[in-house]
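These notes are about the structure you will find just below.
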Ligand SMILES: C[S@@+](CC[C@H](N)C(=O)[O-])C[C@H]1O[C@@H](n2cnc3c(N)ncnc32)[C@H](O)[C@@H]1O
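Here it is, written out as structure tokens:
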């Protein structure tokens, strides 16, 4: 690997786009098949959204699933090859936009506002504050941000429980993925601190369990934007 970690991470989603598309569409990730896809869809349904932004949509499985349920949904991703895969698999290809999270902050962004923003295993960078603040500009006043991410206690994988860059080698899919993917590990405390700093208030925290291992397969957070009245709460909590 060469270059800085965030660029390597984004480069991997370009180089691995085809392999990733096959793995997702063939449901070859057991945790997704058995737990996290259903947990995400259930949490989305409970928010009863009318307009959803799939943030880091990848090859577009979630957009397709929501569109089937007649939910209006738009997908954005910074990987052009994944956006192309998503467009090719959807009768409404216009729903996918090649866009990095930070670009969503542009005032009067053409995509408009959404009552639900969903990030499914898509917040992988060390510096996330600008992205999380950019997302605030896309959500309606009463809307929500739903994040599903690796469960920190599971993802820690015997390494020190502290923030830092890790590398996904995709070793379960030997030979198919051409680039390793650096990603930034965060402790639970670090996630909560970051989200509060970005102005997102936690409404719900779930830890969907793997049915056989009885261990958390992911961490699922539902948040809403802090209003002026919430500010004191965070000051006190500091
Ligand atoms: C693990 S994949 C998940 C894709 C999809 N959400 C899913 O559930 O299959 C992570 C995705 O996040 C995208 N991504 C990561 N950082 C991004 C950024 N700053 N801006 C836009 N997309 C980003 C990658 O291109 C990749 O498609």
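Numbering (this note's numbering), first residue to last: 4 to 241.
Where is the CB? At the ideal position from N, CA and C, for every residue including glycine.
Note that the coordinates shown come from a computational prediction; the quantities given were computed from them, not determined experimentally.
Report the three-state DSSP secondary structure of residue 25 (helix, strand or coil).
Residue 25 falls in the helix class under three-state DSSP.
Neighbourhood of residue 147 by C-beta, 6 Å cutoff - its chain only, sequence neighbours within 5 removed
Hits under 6 Å: 50, 119, 225, 227.
Which residues in the same chain have their Cβ closer than 7 Å to the Cβ of residue 32, if we skip the five residues on either side of it in sequence?
Answer for residue 32: 26, listed in chain order.
How far does the alpha helix (DSSP H) with residue 66 in it reach, from first residue to last?
Here the alpha helix (DSSP H) through residue 66 covers 64 to 71.
Kindly indicate which residue of 128, 78, 197, 216 has the alpha-carbon position closest to the one of residue 37.
The residue among 128, 78, 197, 216 with its C-alpha nearest the C-alpha of residue 37 is 216.
For a quick check, are the C-beta atoms of residue 53 and residue 29 less than 8 Å apart?
Cβ atoms of residue 53 and residue 29: not closer than 8 Å.
Distance, Cα to Cα, residue 102 vs residue 164?
Near 32 Å, if we compare the C-alpha coordinates of residue 164 and residue 102.
Other residues of its chain near residue 237: CB distance less than 6 Å, five sequence neighbours each side excluded:
Confidence at residue 237 is low in this model, with a pLDDT of 44, below 50, so its placement is unreliable and no value can be given for it.
Cβ-heavy atom distance, residue 220 to ligand 1, below 7 Å:
No heavy atom of ligand 1 is found nearer than 7 Å to the CB of residue 220.
Do you know how far the Cα of residue 67 is from the Cα of residue 91?
Approximately 12 Å between the Cα atoms of the pair.
Looking at chain C, is there any beta carbon in it that lies within less than 8 Å of the beta carbon of residue 38?
Absent from the structure is chain C; it holds one protein chain and no more.
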